[in-house]
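Counting in UniProt numbering, the sequence shown runs from 1 upward without gaps.
Quick reminder that beta carbons are idealized off the backbone N, C-alpha and C, glycines included.
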Amino acid sequence: MKIDVALLEKAAAQKKKAALTGSEPSLKRVETTSALAPPKPLTRVTPAPSKGPNLEDAPRVGIQPNPKVDSVPPPPLFSLLDTPISPQLSSLARVSPQPSSSALVSPEPESDIYIPKWSVKASDSGINNAQVAKELACALMLPEDQKAFRKWQVDELVDDAYESVIRHANTICLMHNALTTLSRLVTKTEEELKVVKHRSAEIEAKLKADLQETGEKLKAAAEKLEVMEARVAAAESTAETAELCLIEAKKRIQAAEQRAAVVEEKATRAEEKTPRAMEIYLASEEFKQEIAKGAAHSFMRVFQDCQAQVKRLLLEADLSSLLATTTTLPLHPLMVRLRKPF
């Protein structure tokens, strides 16, 4: 359904211009590209015969629920006027306050009951005659509302109702177009969502595979790290042992250096004491005895060697006289002690 909104706005502008100039507005028909939905058929209600007094003699008060008076439903035309367009229609849309429960229960005098007065005939037609329709509408109103309603023009009421219908139809058309657009968007979004879900499933599977591979790599790296930590711990233990050995060796070297220093100091002292000791030893009696002892020992050794050579060379020679001669000579005490028999 498509509606020419430009023509509708033009008709509304002409109506406002006529209202400002004071001229009577005319009914403007708005052309549409497609026919509107036909309105609901009017239901003719035949009023029940009244058994009460004459309607003309009855007082006019506010309409109250009365089982003696049959209520007449409004025609379908007024059901379209739920959104007021003009002040006149706004007054039609006003709903009189509902009577309280106390008002419904409390009895009222019969003189305060309002009974509408009908000024139409059974042969009249509200569809073909606008005045009859207006009278029928007035019959449903209170006396104060009837005075204001009778001043309104039929064309103005029809224009307002027609504009309201067109506006409702335009709203329905816009809502239909919006619904169609939204349906297309929903279909397109669902297709895109399927593609996204498929892509998401692929990415999720890839991520799971990558996660599993990464987990295996992390596990292998953790095992390798444990091996490296064990090696580092062993190296640290070896380093600690070597450090302890180094400390012990340093202590031993320090002790050896101390002993060497003591020995060197003693050697220095000995070297310092050696010349004096030599002098004392050379001047001592012990050194003299040692020299004499060595000389005697050397002499006796040479004498024995000489005697042995003589005996080897002269096997038949008699050396007893030589020995006797040597025995008569005075000997040194050391020679006496070193002398041995042949």
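Determine the extent of the alpha helix (DSSP H) in which residue 352 is found, giving its start and end residues.
-> The question about residue 352 has no answer here: the residues shown for the chain are numbered 1 through 342.
Output the distance between the C-alpha atoms of P116 and S123, rounded to the nearest integer angstrom.
-> 19 Å
So, using beta-carbon positions, are A137 and F149 closer together than 8 Å?
-> yes
State the DSSP-derived secondary structure class of Y281, mapped to helix, strand or coil.
-> helix
What is the C-beta distance between V120 and E135, in whole angstroms, given that I count them as a contact (C-beta under 8 Å)?
-> 5 Å
Pick from A130, P143, K224: whose alpha carbon is nearest that of D155?
-> A130
Roughly how many angstroms lie between the CA atoms of Q309 and A261, to the nearest whole one?
-> 56 Å
Mapping DSSP to helix, strand and coil, what is K273?
-> helix
Which word fits A133, buried or exposed, when buried means at least 16 other C-beta atoms lie within 10 angstroms of its C-beta?
-> buried
Exposure of I253, with buried meaning 16 or more beta-carbon neighbours within 10 Å | exposed
K134, enclosing alpha helix (DSSP H) - first and last residue | 130-139
What's the gap between the Cα of N54 and the Cα of I113?
-> Confidence in N54 is poor, its pLDDT being 41 and thus under 50, which makes the residue's placement too unreliable to answer from.
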